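Peer 1:
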Amino acid sequence: MRIVFLLLLCLSGLCKAIAQDLAIVDAKVYPSPEAQAVNHATILIRGGKITAVGEHVVIPHGVATLPCTGCVVLAGFWNTHVHFTEAKWIDAAHQPAEKLAQQLREMLTLSGFTTVVDTASIPDNTVALRRRIESGEVLGPRIYTAGAGLFPPHALPYYVKDMPPEVLAQLPQPDTPAEAAAAVQKNIAAGADIVKLFTGSIVAPGHIVPMPLDIATAAAKAGHEHGQLVFAHPSNLAGTRVAMESGVDVLAHSPEDLEGIDDALLLQMITRHMSMIPTLKLFSHDSNIAQIRSVVLKFHQFGGQLLFGTDTGFLTDYSVTEEYRQLALAGLTFRDVLAMLTTAPAERFHVSKEKGRVEIGMAGDLTVLSSDPATDSLAFTQVRYAIRGGKVIASKP
1 MRIVFLLLLC LSGLCKAIAQ DLAIVDAKVY PSPEAQAVNH ATILIRGGKI TAVGEHVVIP
61 HGVATLPCTG CVVLAGFWNT HVHFTEAKWI DAAHQPAEKL AQQLREMLTL SGFTTVVDTA
121 SIPDNTVALR RRIESGEVLG PRIYTAGAGL FPPHALPYYV KDMPPEVLAQ LPQPDTPAEA
181 AAAVQKNIAA GADIVKLFTG SIVAPGHIVP MPLDIATAAA KAGHEHGQLV FAHPSNLAGT
241 RVAMESGVDV LAHSPEDLEG IDDALLLQMI TRHMSMIPTL KLFSHDSNIA QIRSVVLKFH
301 QFGGQLLFGT DTGFLTDYSV TEEYRQLALA GLTFRDVLAM LTTAPAERFH VSKEKGRVEI
361 GMAGDLTVLS SDPATDSLAF TQVRYAIRGG KVIASKP
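Dropping the structure here:
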């Protein structure tokens, strides 16, 4: 039935343009992380917006229907930590559209992501990719990008040093606050939406160089003056303190070196309205993963905002199963994880009036699962459809 439905969409021309209208029929719907499920519901999307949700929705003539008995429908998932740094994204402006769409399906949309945040890449490639998605030429998620991340002076991480010299030359390592502000301005001019700082750069295993506070502060100030969120890769206590004191909004990872990361520090971060992306899969083979999970849970229990992110793109194994498994091991409930995927990032990015919930007036961005994550946390991985603005952008057979 799903294959027939998608074929009909293609024959109608909707595979080449942004779909406007769609009805998802007979599904179980969680309108928000706090709400109880609505059974046997129909979701009607008109003009890319949700116009009705409920058991007795009248479907107007001519609206395509997606029969969804056994489906579980949630607001479209966000992945707030990805990277478009692999070689396959080079020259995204000229690659075949279907090749790019297939790469996006494999990396992101088949995992249910309808919005992603690229936390450092070469801006020419990522902005070109985003432009082709937004034109309707390529099926893909909404992309926010940091452009080129900013590093401490003469302190590139050891894991990027094998990149081609022409790529390394594009990675800013500002020596002064003025250079930091200029690097942020250059990213903004190239199309960046957020700022990414490596406040703790791992220059060799076990050797972390913090970004000077005045440089981080100048970069954060330049981003904030343009209404941009500022993300930071902290690594350890020093990097976390620089992030906190410079005005960073989001830690792109939990710190991995936990020496000195205590309850008082977590409470200070929360007082400053900082959010955290755990990226637990990244640390899942570390000897202190249990302690990292504990820090993430405490941050949450103290009232800190967690966002879902996987470092996909840096991690070239695109499976998200381990991230969900680690979040469950940390003690987070399915409603906690659903908030990380939906309402929390929408709030953090100031789009909660249009994204993050399955409600009338919201964007028709939906993630459709084959089973209920309320009974099994790994059900989050069982994605049947990713729908953006009423258009199916990925489907599992």
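For the sequence shown, full-length UniProt numbering gives the first residue as 1, with consecutive numbering after it.
Even glycine gets a Cβ: it sits at the ideal position worked out from N, Cα and C.
Bear in mind the structure is a predicted one, so any value in this text is a computation, not a measurement.
1) Which residues does DSSP pair with D118 in a beta bridge?
2) Just reading off the alpha helix (DSSP H) that H224 is part of, what are its end residues?
3) G239 lies in the alpha helix (DSSP H); which residues open and close that run?
4) Can the beta-carbon of A101 be found closer than 7 Å to that of T145?
5) Among the residues of its own chain, which have a CB less than 7 Å from the CB of C68, if the five just before and after it don't count?
6) For the beta strand (DSSP E) that residue 405 lies in, which residues bound it at each end?
7) Just the C-alpha distance for A87 and E166, rounded to the nearest angstrom, thanks.
8) What did DSSP end up calling M276 once you bin it into helix, strand or coil?
9) With a threshold of 8 Å on Cβ separation, who are the neighbours of Q382 within its own chain once the five nearest residues in sequence on each side are excluded?
10) Determine contact between the segment 104-119 and the segment 138-154, defined as no fewer than three beta-carbon pairs at a distance below 8 Å.
11) Which residues in the same chain have their Cβ closer than 6 Å to the Cβ of G76, if we skip the five residues on either side of it in sequence?
12) Find the nearest neighbour of K298 within the set A330, S201, P172, I215, judged by alpha-carbon distance.
13) From this set, G260, W89, R293, H81, which residue's C-alpha is nearest L315's C-alpha?
14) So, under 8 Å CB-CB, G361 and K99 are touching, yes? Tell me the CB distance rounded to an integer number of Å.
15) Taking 6 Å as the cut-off, is the CB of A97 close to at least one heavy atom of the ligand FMN?
16) Any idea which residues DSSP pairs S201 with across the strands?
17) Indicate whether Y324 and L378 have their beta-carbon atoms separated by less than 7 Å.
18) What's the C-alpha gap between E256 and N236?
19) Which runs of the alpha helix (DSSP H) at least 4 residues long sit entirely within the segment 293-376? Give them in chain order.
20) Please classify N187 as buried or exposed, where buried requires at least 16 neighbouring CB atoms within 10 angstroms.
21) Put A183 into one of helix, strand or coil per three-state DSSP.
22) Considering V167, what are the terminal residues of the beta strand (DSSP E) in which it resides?
23) Helix, strand or coil, according to DSSP, for L282 in the structure here?
24) Flag this pair as yes or no: are the beta carbons of G227 and I277 separated by less than 7 Å?
25) Between P152 and Q170, which are expected to be in contact by the criterion C-beta below 8 Å, what is the C-beta distance as a whole number of angstroms?
26) Where A346 and S395 are concerned, what is the direct C-alpha to C-alpha distance, given to the nearest angstrom?
27) For H94, which of S121, R105, T126, L66 has the nearest alpha-carbon?
28) Are the CB atoms of E179 and L213 nearer to each other than 7 Å?
29) With distances taken from CA atoms, which of G200, T375, L306 is nearest A232?
30) Tell me, which residues are paired with S395 by DSSP?
31) Expressed to the nearest angstrom, what Euclidean distance is found between the alpha-carbon atoms of T65 and A120?
32) I'd like to confirm the pairing. Which residues does DSSP put opposite F113 in its beta bridges?
33) Out of curiosity, what's the CA-to-CA distance linking S284 and T312?
34) Which residue or residues does DSSP assign as beta-bridge partners of A52?
35) Label A189 either buried or exposed according to how many other C-beta atoms from any shown protein chain fall within 10 Å of its C-beta, with 16 as the threshold for buried.
36) Can you name the start and end residues of the beta strand (DSSP E) that P67 belongs to?
Peer 2: Reading it off the structure:
1) Bridge pairing for D118: V82, T145 [DSSP].
2) 213-225 is the extent of the alpha helix (DSSP H) around H224.
3) Element bounds for G239: 237-246.
4) Not a contact, by the Cβ cut-off of 7 Å.
5) I24, V25, D26, A27, V368.
6) In this structure the chain extends from 1 to 397, so residue 405 is not present and cannot be described.
7) One C-alpha to the other measures close to 13 Å.
8) Correct three-state label for M276: strand.
9) Around Q382: L369, S370, S371.
10) Per the Cβ contact rule, the segment 104-119 is in contact with the segment 138-154 (3 or more Cβ pairs under 8 Å).
11) Excluding the 5 residues flanking it on each side, G76 has same chain C-beta neighbours closer than 6 Å at T114, D365, L366, T367, in chain order.
12) Looking at the Cα atoms, A330 is the closest of the given residues.
13) Ranking G260, W89, R293, H81 by Cα distance to L315 puts H81 first.
14) G361 to K99, Cβ: 36 Å. No contact.
15) Of ligands this structure carries none, so the ligand FMN is not represented either.
16) Beta-bridge partners of S201 (DSSP): V209.
17) In this structure, Y324 lies near L378, with their beta-carbon atoms less than 7 Å apart.
18) Looking at the two C-alpha atoms, the distance is approximately 6 Å.
19) Fully enclosed alpha helix (DSSP H) runs of 4 or longer: 321-330, 334-341, 343-348.
20) Buried, since its Cβ has 16 or more Cβ neighbours within 10 Å.
21) The answer is helix: DSSP assigns A183 an H, G or I state.
22) If you look at V167, you'll find it isn't in any beta strand (DSSP E); it sits in the alpha helix (DSSP H) that goes 165-168.
23) Of the three classes helix, strand and coil, the one that applies to L282 here is helix, per DSSP.
24) For G227 and I277, no; Cβs fall outside 7 Å.
25) The pair is not a contact, with the Cβ atoms about 16 Å apart (cut-off 8 Å).
26) Using only the alpha carbons, I get a separation of about 24 Å.
27) Cα-wise, what sits closest to H94 is T126.
28) In this structure, E179 lies away from L213, with their beta-carbon atoms at least 7 Å apart.
29) Ranking G200, T375, L306 by Cα distance to A232 puts G200 first.
30) DSSP output for S395 lists Y385 as bridge partner(s).
31) Their backbone Cα atoms lie some 38 Å apart in a straight line.
32) DSSP output for F113 lists F77 as bridge partner(s).
33) Going from the Cα of S284 to the Cα of T312 covers about 14 Å.
34) L44, per the DSSP bridge assignment.
35) That one is exposed.
36) Unbroken beta strand (DSSP E) run through P67: 65-67.
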